[in-house]
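Convert by adding 65 to the 1-based position in the sequence shown; the result is the number in our numbering.
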Amino acid sequence: MNLQPDHNPTEGSSAPRGWLRATIVAAFAIVFVGAGVGFVGFLSQLRAVEVSPSSKADGIVVLTGGSSRVSDAMELLAGGYGKRLLISGVHPTNDASDISRSLPDNQSLLSCCVDLDRSAVNTRSNAAETRRWARERGFKSLIVVTSNYHMPRAIVELSHAMPDVELIPFSVIGDKWRDEPWWTSGATLRLLLSEYAKYVAAEVRVRLAELGLEMSPEIADQPTGSLRSPRTAAAN
66 MNLQPDHNPT
76 EGSSAPRGWL
86 RATIVAAFAI
96 VFVGAGVGFV
106 GFLSQLRAVE
116 VSPSSKADGI
126 VVLTGGSSRV
136 SDAMELLAGG
146 YGKRLLISGV
156 HPTNDASDIS
166 RSLPDNQSLL
176 SCCVDLDRSA
186 VNTRSNAAET
196 RRWARERGFK
206 SLIVVTSNYH
216 MPRAIVELSH
226 AMPDVELIPF
236 SVIGDKWRDE
246 PWWTSGATLR
256 LLLSEYAKYV
266 AAEVRVRLAE
276 LGLEMSPEIA
286 DQPTGSLRSP
296 RTAAAN
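Pasting the structure below:
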């Protein structure tokens, strides 16, 4: 009687499948750990208290979208930290009177030293409009006012758009940030994770652009009419 050796056709392929599975698991683990380390690094950039700018600048730019950003920027302007203020990202339906009502103590400054940008719809277009505004006025240094969680991405975009302009960050700390640790609030944690993802995406796009690999077209500077002073806006 001839005895044939047992042969399982699946045995030969099990080793490659096991190796592939291990490789995929290892790759996911590396990505997960890398994302965790990056998130910790992102958090380390966020200020927990408001600190006065280290020096004065030619101008001040505030990126709208968070509570008290504009009022803090106006206080810096009133304190002589900059010659003019750009409020970037003003909603098209808001006019100068809306801003005036929210800042009753700064009417004279609004009339003489504030410009409104209604064209910007995101941080990248904020940077494009700020670049044009700074170039028109010959400004070489700017104080950047935005929320602490938004500041890292804002600096990435503004630095890329204006590599020759000195940027001095002024981080606005929201009430919720002061009142409770971020890890105890699901809403704050989701906000930070979302902002971290946007920050990483901006970093990747900017680094690729520096290598000549532009993932999306550069935003062109808008016509001069997109920026107006509150006095001009009210006249229209």
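By construction, the Cβ of each residue, glycine as well, lies at the ideal position given by its N, Cα and C atoms. In this text the structure is predicted, and so the values were computed from the model without any measurement.
For residue i and residue j, what's the separation of their Cα atoms in angstroms?
| i | j | result |
| --- | --- | --- |
| Gly-290 | Asp-240 | For Gly-290, the predicted structure reports a pLDDT of 44, less than 50, and the residue's modelled location is therefore unreliable. The matter cannot be settled from this model. |
| Val-221 | Leu-85 | 37 Å |
| Arg-186 | Gly-83 | Here residue 186 is Val; the residue named in the question, Arg, does not match the sequence. Those two C-alpha atoms are separated by around 48 Å. |
| Ala-298 | Trp-198 | Interpretation of Ala-298 is limited by its pLDDT of 48, a score under 50 that renders its predicted location unreliable; the figure taken from the coordinates is listed afterwards. Taking the straight line joining both Cα atoms gives about 16 Å. |
| Pro-217 | Cys-177 | 30 Å |
| Asn-191 | Gly-99 | 29 Å |
| Asp-244 | Leu-150 | 29 Å |
| Glu-194 | Ser-153 | 8 Å |
| Pro-118 | Ala-92 | 42 Å |
| Glu-279 | Asp-229 | 20 Å |
| Arg-270 | Arg-183 | 25 Å |
| Asn-301 | Leu-254 | Unreliable positioning characterises Asn-301 in this predicted model, as indicated by a pLDDT of 41, which lies under 50. The coordinate reading is nonetheless provided below. The alpha-carbon atoms of Asn-301 and Leu-254 are separated by roughly 42 Å. |
So for residue i, helix, strand or coil by DSSP?
| i | result |
| --- | --- |
| Glu-275 | helix |
| Pro-157 | coil |
| Arg-82 | helix |
What are the boundary residues of the beta strand (DSSP E) that residue i is part of?
| i | result |
| --- | --- |
| Arg-200 | No beta strand (DSSP E) contains Arg-200, which is instead part of the alpha helix (DSSP H) from 188-202. |
| Asp-114 | Note that residue 114 is Val in the sequence shown, not Asp. Careful: Val-114 lies outside any beta strand (DSSP E) and carries neither H nor E. |
| Gly-130 | No beta strand (DSSP E) holds Gly-130; DSSP gives it neither H nor E. |
Judging by CA-CA distance, which residue of the options is the nearest neighbour of residue i?
| i | options | result |
| --- | --- | --- |
| Asp-133 | Phe-235, Leu-257, Ala-252, Arg-200 | It is worth fixing the name first, because residue 133 is Ser in this sequence and not Asp. Considering only alpha carbons, the answer is Phe-235. |
| Glu-231 | Val-179, Ala-87, Ser-109, Gly-203 | Gly-203 |
| Arg-272 | Glu-201, Ala-219, Ala-94, His-225 | His-225 |
| Thr-211 | Ala-143, Ser-109, Ala-138, Ile-89 | Ala-138 |
| Glu-201 | Gly-124, Trp-248, Ser-259, Tyr-264 | Gly-124 |
| His-156 | Leu-142, Lys-121, Leu-128, Thr-249 | Leu-128 |
Which residues bound the alpha helix (DSSP H) around residue i?
| i | result |
| --- | --- |
| Asp-137 | 134-143 |
| Leu-175 | 172-178 |
Report task. Can you check the stretch 219-245 for any beta strand (DSSP E) of at least 3 residues that lies completely inside it and give the ranges in chain order? Result -> 231-237
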